[in-house]
Amino acid sequence: MFNLPVLYRSSETFILGLIKAQVLISFLHYYSINPDCGIPIIQGMLYIVIMKYLLLQNGLSYHIEEFYSAIKMAQDSCSLILGSRSTDEEKKLCRNIQRLHRVLFSKMKPFGLFYEDIRHTLRVFELLTNYIVVLLQFALL
1 MFNLPVLYRS
11 SETFILGLIK
21 AQVLISFLHY
31 YSINPDCGIP
41 IIQGMLYIVI
51 MKYLLLQNGL
61 SYHIEEFYSA
71 IKMAQDSCSL
81 ILGSRSTDEE
91 KKLCRNIQRL
101 HRVLFSKMKP
111 FGLFYEDIRH
121 TLRVFELLTN
131 YIVVLLQFAL
141 L
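Per the UniProt record's numbering, the sequence shown starts with residue 1, numbered consecutively.
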(Lines of atoms letter the chains of each structure in order from A; the text may use other names.)
(Lines give C-alpha, C1' and ligand atoms only; values in the text may rest on other atoms or scores of the structure.)
Protein backbone atom coordinates (compact mmCIF):
# COMPACT_ATOMS: atom_id res chain seq x y z
CA MET A 1 0.00 0.00 0.00
CA PHE A 2 2.79 2.43 0.88
CA ASN A 3 5.38 0.97 -1.48
CA LEU A 4 4.95 3.53 -4.24
CA PRO A 5 5.01 6.71 -2.07
CA VAL A 6 8.06 5.52 -0.12
CA LEU A 7 9.89 4.55 -3.30
CA TYR A 8 8.92 7.86 -4.90
CA ARG A 9 10.16 9.93 -1.95
CA SER A 10 13.45 8.02 -1.73
CA SER A 11 14.18 8.18 -5.45
CA GLU A 12 13.14 11.84 -5.57
CA THR A 13 15.55 12.66 -2.77
CA PHE A 14 18.38 10.82 -4.48
CA ILE A 15 17.81 12.03 -8.05
CA LEU A 16 17.05 15.65 -7.21
CA GLY A 17 19.98 15.70 -4.80
CA LEU A 18 22.26 14.64 -7.63
CA ILE A 19 20.74 17.20 -10.00
CA LYS A 20 21.16 19.98 -7.45
CA ALA A 21 24.75 18.89 -6.82
CA GLN A 22 25.49 18.98 -10.55
CA VAL A 23 23.90 22.43 -10.86
CA LEU A 24 25.95 23.58 -7.87
CA ILE A 25 29.15 22.27 -9.48
CA SER A 26 28.27 24.09 -12.71
CA PHE A 27 27.57 27.32 -10.82
CA LEU A 28 30.84 27.06 -8.91
CA HIS A 29 32.70 26.51 -12.18
CA TYR A 30 30.98 29.56 -13.67
CA TYR A 31 31.74 31.54 -10.50
CA SER A 32 35.44 30.66 -10.73
CA ILE A 33 35.48 32.13 -14.26
CA ASN A 34 33.29 35.20 -13.45
CA PRO A 35 33.82 36.10 -9.76
CA ASP A 36 31.72 39.29 -10.04
CA CYS A 37 28.36 37.51 -10.34
CA GLY A 38 26.09 36.71 -7.36
CA ILE A 39 26.55 32.94 -7.29
CA PRO A 40 26.93 32.54 -3.47
CA ILE A 41 23.23 33.35 -3.05
CA ILE A 42 22.27 30.66 -5.56
CA GLN A 43 24.72 28.29 -3.88
CA GLY A 44 23.03 28.86 -0.52
CA MET A 45 19.60 28.24 -2.02
CA LEU A 46 20.77 24.95 -3.54
CA TYR A 47 22.12 23.84 -0.15
CA ILE A 48 18.76 24.66 1.41
CA VAL A 49 16.84 22.67 -1.22
CA ILE A 50 19.10 19.63 -0.80
CA MET A 51 18.69 19.83 2.99
CA LYS A 52 14.91 20.07 2.55
CA TYR A 53 14.80 16.78 0.67
CA LEU A 54 17.01 15.09 3.24
CA LEU A 55 14.87 16.40 6.11
CA LEU A 56 11.69 15.14 4.41
CA GLN A 57 13.33 11.75 4.01
CA ASN A 58 14.37 11.84 7.66
CA GLY A 59 10.80 12.66 8.72
CA LEU A 60 9.46 9.75 6.69
CA SER A 61 11.96 7.37 8.27
CA TYR A 62 11.15 8.67 11.74
CA HIS A 63 7.41 8.11 11.36
CA ILE A 64 7.92 4.64 9.95
CA GLU A 65 10.14 3.84 12.94
CA GLU A 66 7.37 5.10 15.25
CA PHE A 67 5.02 2.68 13.49
CA TYR A 68 7.44 -0.20 14.12
CA SER A 69 7.69 0.85 17.78
CA ALA A 70 3.89 0.82 18.13
CA ILE A 71 3.79 -2.70 16.71
CA LYS A 72 6.49 -3.76 19.18
CA MET A 73 4.52 -2.23 22.06
CA ALA A 74 1.42 -4.15 20.95
CA GLN A 75 3.44 -7.37 21.01
CA ASP A 76 4.74 -6.55 24.49
CA SER A 77 1.21 -5.82 25.69
CA CYS A 78 0.02 -9.16 24.36
CA SER A 79 2.86 -10.91 26.19
CA LEU A 80 1.86 -9.19 29.43
CA ILE A 81 -1.79 -10.14 28.95
CA LEU A 82 -0.83 -13.76 28.31
CA GLY A 83 1.18 -13.81 31.54
CA SER A 84 -1.55 -12.24 33.66
CA ARG A 85 -4.88 -13.47 34.97
CA SER A 86 -6.89 -12.38 31.96
CA THR A 87 -9.95 -14.08 30.55
CA ASP A 88 -9.62 -16.89 28.06
CA GLU A 89 -11.03 -14.70 25.28
CA GLU A 90 -8.38 -12.02 25.87
CA LYS A 91 -5.63 -14.63 25.90
CA LYS A 92 -6.98 -16.19 22.71
CA LEU A 93 -7.05 -12.76 21.05
CA CYS A 94 -3.46 -12.08 22.10
CA ARG A 95 -2.27 -15.47 20.87
CA ASN A 96 -3.95 -14.80 17.52
CA ILE A 97 -2.32 -11.36 17.32
CA GLN A 98 1.11 -12.81 18.06
CA ARG A 99 0.60 -15.65 15.58
CA LEU A 100 -0.50 -13.22 12.88
CA HIS A 101 2.48 -11.00 13.61
CA ARG A 102 4.94 -13.90 13.33
CA VAL A 103 3.49 -15.01 10.01
CA LEU A 104 2.72 -11.75 8.22
CA PHE A 105 4.84 -8.94 9.63
CA SER A 106 8.06 -7.78 8.02
CA LYS A 107 9.66 -4.38 7.70
CA MET A 108 8.56 -2.29 4.76
CA LYS A 109 10.59 -3.13 1.70
CA PRO A 110 9.24 -1.10 -1.24
CA PHE A 111 9.30 -3.36 -4.29
CA GLY A 112 12.10 -5.40 -2.69
CA LEU A 113 14.70 -2.67 -3.21
CA PHE A 114 15.54 -1.55 0.34
CA TYR A 115 14.29 -1.75 3.90
CA GLU A 116 12.50 1.34 5.16
CA ASP A 117 13.57 2.04 8.73
CA ILE A 118 15.32 4.73 10.74
CA ARG A 119 18.67 4.02 9.04
CA HIS A 120 17.23 4.55 5.56
CA THR A 121 18.04 8.27 5.59
CA LEU A 122 21.68 7.45 6.31
CA ARG A 123 21.73 4.99 3.43
CA VAL A 124 20.26 7.55 1.02
CA PHE A 125 22.73 10.17 2.28
CA GLU A 126 25.62 7.72 1.85
CA LEU A 127 24.54 6.86 -1.69
CA LEU A 128 24.09 10.54 -2.52
CA THR A 129 27.53 11.37 -1.11
CA ASN A 130 29.20 8.60 -3.12
CA TYR A 131 27.65 9.83 -6.34
CA ILE A 132 28.49 13.46 -5.57
CA VAL A 133 32.13 12.40 -5.15
CA VAL A 134 31.94 10.80 -8.60
CA LEU A 135 30.41 13.99 -10.03
CA LEU A 136 33.22 16.03 -8.45
CA GLN A 137 35.83 13.69 -9.91
CA PHE A 138 34.39 14.17 -13.39
CA ALA A 139 34.16 17.93 -12.87
CA LEU A 140 37.73 18.33 -11.63
CA LEU A 141 39.45 16.02 -14.11
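Don't be surprised by glycine CBs; every beta carbon is placed ideally from N, CA and C.
Segment contact: the segment 123-135 against the segment 8-22, three or more CB-CB distances shorter than 8 Å; contact assigned. Nearest Cα to L60 within the set G83, D76, S84, M108: M108.
Considering only T13, K52, V49, F27, the residue with the shortest C-alpha distance to L136 is F27. Close CB contacts of I97 within its chain, under the 6 Å cut and outside five residues either way in sequence, are with C78 (chain order). With a minimum length of 4 residues, the unbroken runs of alpha helix (DSSP H) contained wholly in the segment 80-136 fall at 88-104.
Segment contact: the segment 90-106 against the segment 67-75, three or more CB-CB distances shorter than 8 Å; contact assigned. In this structure, I118 sits away from Y53, with a CB-CB distance that is not shorter than 8 Å. The C-beta distance from E89 to I81 rounds to 11 Å, too long to meet the 8 Å contact threshold.
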